[in-house]
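**Student:** Mapping to my numbering: the sequence shown position 52 is 52, numbers consecutive.
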Amino acid sequence: MLSFIKDKQIYFFLLLLLSIGIGLQIVIYKIAIAILFLQWLISKGFKQKFIKLKKNVFAIGLTVFYFLYCMSFFWSDNNAVAFADVILKLPLLILPIVILSQNNLSKKQLNQVFLSFALSSLVLNLYSFFKAYSLYLATNNIDKLYYSSLSLNMHTSAQSMFTCFSIALFVYLFSKDKNLVSKWMAYSAVIIQLTFVFLLSSRMQILIMAFLVPAYLIPYYYKKKKVALGLLYTLFIFGASYLIITIPSTLNSRYDKTVSQINSLREDNGNYDARKFIWKEGLEVIKNNWLIGTGSGDVTDALAARYFRLISGNPLTENLAESKVSQTQKSNNGAFLSKQDSISIHNIHEKQLSVYSKNLLERRIHHYNIAYQRKYNFHNQYLQTFGAIGVFGFLMLCFLIIYPVYLSIKKKDYLAISFLFIVGASCLTESIFERQAGVAFYALFYVLLIGRISQNKLS
């Protein structure tokens, strides 16, 4: 009996350590995963453990998803990369097996794990801000307070995703356990973390919060019959956000660039996010190997080969110039001198179009060169998975995200819905499972929040 209690205490302590390590992105979370798995192996009751796993559709789904990556090793030419990818994605196998085969944590313990992650994210952001602020004082460059200058131990998008989820956690914990998270602590933490979402300047996460803030505030105050107050708070937050965005900085530059790119979506003017052509070439990779995928070891090389094909030979120069001249002449949108009856003005007009077309092509090739040199991945986890392990992996990933949304809505579990929305939306613009920060984050909180739905014990 004493041994059982001790094992449960160690298990809980390791989960706390794991959540803190993931939040701070320090090596301690990898050690915690290894010890958790070792403890699971040497503990008793394997029959009961496997019965629990067998009954859990999400444990099975995550296991199948992981083994699809393992199987792709055998049709990957680059075995070293494929093997490294299998190791990188181990949390997708270990954490569901270890956590979902054991008894549930108590609500108090679960909330403590959530709080440890939320506080870790807050501490990391504050530390990175003070570090960036010292650079700002040394350089007098305000950009040192934004974007990659603020990221620490992980990619900016991952840190921003963690920050978004920590906001959801602080709100949830304040509403469920005021002894754990007081009012002043919740308000202070949420304001600080919301500010960091903007400072980190990751556009998808800003959009995520732009959706989640009114989605929480308006229903919350509607229940209290204070809809006007909910709308007022929402407008205040959006107004403050707009003021932050308009401050001359990296964030403002990225905002202006995004607006310009959206306005240019229907125009082939070279003014677009690199993701546009990455996704286009990624779809071509998928078409060639849609059933079983290119293999986790070769998928990035296959995409890089598409970039190189676009660069080498530059076959589009003449056709592009001719088509752009024709297109602009027909549109007569005023971007160039109006085409008059005068022959001289006609020649100037043609020359301008020719220069414009060459500049357009140069911008295109510049995009391709950067993508090839840096070996950009798909920047979309759905396409990345489809390209690596084929249609079955893609469908499994969609199932693991979409089906629990339906179940969480039925149970009115808003924290689970928030987590799935944050992760699912982040997957649209980043391949979050290509870095262990994203893999470990997803695996831990998926099994804690989603993995027990089939057992009907989600709090």
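Heads up, the beta-carbon is just placed ideally off N, CA and C, and yes, glycines get one too.
Measuring only the C-alpha atoms, how far is residue 12 from residue 49?
**Tutor:** Near 17 Å, if we compare the C-alpha coordinates of residue 49 and residue 12.
**Student:** Please work out which residues of its chain come closer than 8 Å, Cβ to Cβ, to residue 58, disregarding the five sequence neighbours upstream and downstream, and give them in chain order.
**Tutor:** Answer for residue 58: 96, 100, 400, 404, 446, 447, 450, 451, 453, 454, listed in chain order.
**Student:** Looking at the secondary structure, which residues open and close the alpha helix (DSSP H) in which residue 307 lies?
**Tutor:** Residues 299-311.
**Student:** With distances taken Cα to Cα, identify the nearest neighbour of residue 22 among 189, 296, 158.
**Tutor:** Cα-wise, what sits closest to residue 22 is 158.
**Student:** Where does residue 7 sit, in a helix, a strand or coil, going by DSSP?
**Tutor:** Three-state result, residue 7: helix.
**Student:** Inspect the CB distances between the region 15-31 and the region 77-89 and report whether three or more fall short of 8 Å.
**Tutor:** Because the criterion of three Cβ pairs below 8 Å is not met, the region 15-31 and the region 77-89 do not touch.
**Student:** Comparing alpha-carbon positions, which option in 203, 165, 241 lies nearest residue 430?
**Tutor:** Answer by Cα proximity: 203.
**Student:** Under DSSP, the alpha helix (DSSP H) around residue 284 begins and ends at which residues?
**Tutor:** It spans 274-288 - the alpha helix (DSSP H) in which residue 284 sits, taken as one unbroken run.
**Student:** Ignore the nearest five residues each way along the sequence and tell me which others in residue 244's own chain have a CB closer than 6 Å to its CB.
**Tutor:** Cβ within range, chain order: 198.
**Student:** Tell me whether the region 137-145 and the region 181-196 touch, counting them as touching only if at least three CB pairs, one residue from each stretch, are closer than 8 Å.
**Tutor:** As far as the Cβ criterion goes, the region 137-145 does not touch the region 181-196, which means the pair count is below three.
**Student:** Could you check which residue in 40, 15, 119 has the C-alpha nearest to that of residue 28?
**Tutor:** Checked all of 40, 15, 119; the closest Cα to residue 28 is 15.
**Student:** From residue 305 to residue 387, what distance separates their C-alpha atoms?
**Tutor:** Spanning the two alpha carbons is a distance of roughly 14 Å.
**Student:** Are residue 153 and residue 26 touching if we call contact CB-CB under 8 Å?
**Tutor:** In contact: residue 153 and residue 26 (Cβ atoms closer than 8 Å).
**Student:** Taking Cβ positions, are residue 169 and residue 118 nearer each other than 8 Å?
**Tutor:** It is a contact, given that the beta carbons lie within the stated cut-off.
**Student:** Taking the alpha-carbon positions, what's the residue 155 to residue 375 distance?
**Tutor:** Rounded to whole angstroms, residue 155 to residue 375 spans 16 Å at the Cα level.
**Student:** Taking contact to mean 3 or more Cβ pairs, one atom from each stretch, closer than 8 Å, check whether the region 226-236 and the region 171-179 are in contact.
**Tutor:** Cβ pair count under 8 Å is below three, so no.
**Student:** Does the ligand MN have a heavy atom nearer than 7 Å to the CB of residue 112?
**Tutor:** The ligand content of the structure shown is nil, which means the ligand MN is not present either.
**Student:** For residue 163, is the classification buried or exposed, using 16 other Cβ atoms within 10 angstroms of its Cβ as the cut-off for buried?
**Tutor:** It is buried - the Cβ of residue 163 has at least 16 other Cβ atoms within 10 Å.
**Student:** Is it the case that the Cβ atoms of residue 382 and residue 394 are separated by a distance below 8 Å?
**Tutor:** Yes, the Cβ-Cβ distance between residue 382 and residue 394 is below 8 Å.
**Student:** Can you confirm whether the region 67-77 touches the region 282-302 when touching is taken to mean that 3 or more C-beta pairs between the two stretches lie within less than 8 Å?
**Tutor:** Output reads yes: the region 67-77 touches the region 282-302.
**Student:** Identify which residue in 165, 292, 436, 413 has its Cα closest to the Cα of residue 122.
**Tutor:** Ranking 165, 292, 436, 413 by Cα distance to residue 122 puts 165 first.
**Student:** Would DSSP call residue 26 helix, strand or coil?
**Tutor:** DSSP places residue 26 in coil when its eight states are reduced to three.
**Student:** Whose C-beta lies closer than 8 Å to the C-beta of residue 284 among residues of the same chain, with five residues either side of it excluded?
**Tutor:** Around residue 284: 306.
**Student:** Using a Cβ-Cβ cutoff of less than 6 Å, which residues in the same chain neighbour residue 432 once the five nearest sequence positions on both sides are dropped?
**Tutor:** Contacts found: 381, 426, 438.
**Student:** Looking only at its own chain, which residues have a Cβ that is under 8 Å from the Cβ of residue 341, when we skip the five neighbours before and after it?
**Tutor:** For residue 341, the predicted model reports a pLDDT of 49, less than 50, meaning its position is unreliable; a value from the coordinates is still stated below. Hits under 8 Å: none found.
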